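Student: Each residue of the sequence shown is one higher than the one before, starting from 3 at the first, in this note's numbering.
Before anything else, here's the structure in question.
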Amino acid sequence: MALAARLADAGYEVIAGSRSLERAEAAVVELRATWGDRVSRLVPATNETAAVEGEIVVLATQWEGLVDTARQHAEALAGKVVVSMANALVKQGRQFAAIIPEGGSLSVQVAAVAPGARVVAAYQHLPARELGDLAVDMHGDVLVCGDDAAAVETVCEMTARMPRLRPVGAGPLVNAAGVEALTAVLLTVNVRHKIHSMLEIVGLP
Ligand SMILES: NC(=O)c1ccc[n+]([C@@H]2O[C@H](COP(=O)([O-])OP(=O)(O)OC[C@H]3O[C@@H](n4cnc5c(N)ncnc54)[C@H](OP(=O)(O)O)[C@@H]3O)[C@@H](O)[C@H]2O)c1
């Protein structure tokens, strides 16, 4: 819901999906109570409705359910830009360890189970608390990977609509393996140093 709120705040009409309409409604009520008109473009729905009606579909489930969710909605996702933002990882005490999924990446698995979808990997490494807090002026780069150049461009444009987030094309979808695994590294650094890190690629114009 954090990205949904950011995108609604950036001017997008956002359908906030859930496996349960009641849970989606409750989440949207809570976001409206916190952010008021800033999230007025956010409407609750089931995942089915979001998959059918959304032009760009962001898969933002807990990582364990990501691939099954993509498989379940594969027909509706065919032909659409589908953003994969989950990371497979496990918390081990005060550190996070990446889990390397079969095929190297969850995003690659999503593309395999939803063959018509134009899958793009993005947003994995953004810190959750800041993303969900619209009062925070998030500043940094967003690595974007995908095999469909037009779909990557669409996600880059969407990212750039969120103030001070800069999209950075990072190659084919298989490169999402590196981004997903890197997130476990960044989360570990965050815990150790009590920070909420953002990426910034030095040297870009
Ligand atoms: N939050 C962020 O800022 C952020 C930043 C970077 C990456 N990510 C990644 O984006 C994803 C979403 O983040 P989040 O913070 O919104 O996660 P979350 O609150 O933990 O989970 C999002 C939703 O996933 C659904 N879900 C849980 N288990 C599922 C399953 N087995 N199958 C299908 N759906 C399931 C639940 O919705 P329903 O029960 O209502 O269906 C839950 O509310 C995560 O994978 C996270 O790693 C998040």
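Every residue gets a Cβ at the ideal spot worked out from N, C-alpha and C, and that includes glycine.
Computed from a prediction, not measured in an experiment: that's the story for all the values here.
Kindly provide the ranges of any alpha helix (DSSP H) runs that are 4 or more residues long and lie completely inside the region 104-133, ordered along the chain.
Tutor: Whole alpha helix (DSSP H) segments, 4+ residues: 108-115.
Student: What does the Cβ neighbour count give for E66, buried or exposed, with the cut at 16 atoms within 10 Å?
Tutor: By the neighbour-count rule (16 or more Cβ atoms within 10 Å), E66 is not buried but exposed.
Student: Below 9 Å between beta carbons: does that hold for V146 and G171?
Tutor: Cβ distance < 9 Å, so V146 and G171 count as in contact.
Student: Rounded to whole angstroms, what is the Cα-Cα separation between L136 and W37?
Tutor: Cα-Cα distance, rounded: 8 Å.
Student: For V92, collect the residues of the same chain with a Cβ closer than 8 Å to its Cβ; drop the 5 residues on either side in sequence, then sort them by chain order.
Tutor: These residues qualify, in order along the chain: F98, A99, I101.
Student: On the three-state DSSP scale, how would you describe D39?
Tutor: Helix at D39.
Student: Can you find a heavy atom of ligand 1 that lies under 8 Å from the Cβ of S199?
Tutor: S199: no, Cβ never under 8 Å from ligand 1.
Student: Kindly list the residues whose CB is nearer than 7 Å to the CB of L33, restricted to its own chain and excluding five residues on each side of it in sequence; keep chain order.
Tutor: Correct list, in chain order: M3, A7, V41, L44.
Student: From A62 to M87, what does the alpha carbon distance come to, in whole angstroms?
Tutor: Going by the C-alpha atoms only, they are around 6 Å apart.
Student: Taking the alpha-carbon positions, what's the A119 to S199 distance?
Tutor: For A119 and S199, the distance between alpha carbons rounds to 31 Å.
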